[in-house]
Amino acid sequence: MRIRSLSLTRFGPIAGARFAFEPGVTVVHGPNEAGKSSLHQAIETVLYGFSPANRELHPFAQWEDEDEVLELGATLERGDGTPVAVRRSLRTTPMISIAESEDELGSARRGNQALPGLEAQPRGLFRAVYSLTANDT
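Here the sequence shown is numbered in the working numbering, starting from 1393 and rising by one per residue.
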């Protein structure tokens, strides 16, 4: 599954941002506190759900007002080229909406499971493979 774009409505220190990813390798760099780790956590959250799945315990909830919701979305592409739009939000419970396009995203349903097709790649493996830091090279 390829990430084509990522939209962070409210996700910790990043709000109102949209990122587009071209095919191939993407390198994210910047000074400390620029949002690199938050961006990586957003990608992981889109794919696997919120961790922890409780707004009061989620580390990025500290950036939000009490009434604000953590919310992010992405446009993905399956191996066969089929697009998938995903929106996740975390209020008191996690919510997810999945559709063929952003226009088709309907009302969200309760859920915090990994996206279909990621069963063979658990969250721990994702972190180990896609979380290289300068110290790992």
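Where a beta carbon is used, it is the ideal one built from N, C-alpha and C, also for glycine.
No experiment lies behind these values; they were computed from the predicted model shown.
- Where valine 1476 is concerned, the enclosing beta strand (DSSP E) starts and stops at 1475 to 1482.
- Nearest in C-alpha terms to valine 1461, of all of Glu1448, Asp1472 and Thr1418, is Glu1448.
- Closest in alpha carbon position to serine 1481, among Ala1512, Pro1415, Tyr1522 and Ala1434, is Ala1434.
- In this structure, the beta-carbon distance from isoleucine 1395 to alanine 1491 does not fall below 8 Å.
- Contact check for leucine 1439 against leucine 1517 fails: the beta carbons are separated by 8 Å or more.
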